[in-house]
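For the sequence shown, this note's numbering gives the first residue as 30, with consecutive numbering after it. Positions of the beta carbon are idealized from the N, C-alpha and C atoms, including for glycine. Everything numeric in this text was worked out from a predicted model, so none of it was measured. Worksheet: one structure, shown below.
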Amino acid sequence: MKRFLIISFLVLFAACSNVEKAPKPEQLLSKEEMAIILSDLYIIEGAISSNRSSYIETGVQPSSYIYDKYDIDSVVFKENLNYYNDRVEDYLFIMDKIQDDLKSLQDSVKVRQERIDKEKVTDPKNTSKKTQKPSKKK
Numbered sequence: 030m031k032r033f034l035i036i037s038f039l040v041l042f043a044a045c046s047n048v049e050k051a052p053k054p055e056q057l058l059s060k061e062e063m064a065i066i067l068s069d070l071y072i073i074e075g076a077i078s079s080n081r082s083s084y085i086e087t088g089v090q091p092s093s094y095i096y097d098k099y100d101i102d103s104v105v106f107k108e109n110l111n112y113y114n115d116r117v118e119d120y121l122f123i124m125d126k127i128q129d130d131l132k133s134l135q136d137s138v139k140v141r142q143e144r145i146d147k148e149k150v151t152d153p154k155n156t157s158k159k160t161q162k163p164s165k166k167k
């Protein structure tokens, strides 16, 4: 057991030493831009995972949509992602920004849904009461 722990520690130590960081991309996106792009990507992936059949029917590729929307290509995106992944402080900033953006979006959706629900209750024209289906005659 001791031998296993010592070997594991040595392998881990060797793997972590002299690790080269990804070079700065020619087209460096700001941390804020990366946060926005990744937020959009996470939203799209969430939508896909909640309704896969609609995604398959549309044939839209999330990555292509993101690249077109932000006028970047896959190389620029991957270079920037690797660059920020190697810089912990920057990466944590980006992840915190994404979390704040998604929380803000969630809060605005919640407020909008509450407003819609309130309008349904207070709207006298709303006649969306459940109607009973006619019973089958035997």
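Going by beta carbon distance, what residues of the same chain come within less than 8 Å of residue i, once the five residues before and after it are set aside?
i: K60; result: Y113, D119, F122, I123, K126
i: Y71; result: I127, L131
i: E62; result: Y99
Identify the continuous alpha helix (DSSP H) that holds residue i and give its terminal residues.
i: D146; result: 117-151
i: P91; result: 91-98
i: E74; result: 60-79
i: L57; result: Looking at the DSSP string, L57 is not in any alpha helix (DSSP H), and its letter there is neither H nor E.
i: K107; result: 103-114
Taking its Cβ as the centre, do 16 or more other Cβ atoms sit within 10 Å of residue i, making it buried, or is it exposed?
i: K159; result: With a pLDDT of only 49 at K159, under 50, the local geometry of the prediction cannot be trusted, and no value is derived from it.
i: N111; result: exposed
i: I35; result: exposed
i: A76; result: exposed
i: E86; result: exposed
i: E74; result: exposed
i: I66; result: buried
i: K167; result: In this prediction, K167 scores a pLDDT of 48, lower than 50, which makes its location untrustworthy; the coordinate-derived value is nonetheless stated afterwards. Exposed, since its Cβ has fewer than 16 Cβ neighbours within 10 Å.
Once you ignore the five residues that flank residue i on each side, which residues in its own chain have a CB closer than 6 Å to its CB?
i: P54; result: E108, N109, Y112
i: A64; result: I123, K126, I127
i: R141; result: none
Using a Cβ-Cβ cut-off of 7 Å (strictly less than) and excluding sequence neighbours within five positions of residue i, which residues of its own chain qualify?
i: D102; result: Y96
Using 8 Å as the cut-off, can you tell me whether the region 128-146 makes contact with the region 81-97, which would need three or more C-beta pairs spanning the two stretches below that distance?
Pairwise C-beta distances place the region 128-146 out of contact with the region 81-97, as fewer than three of them are shorter than 8 Å.
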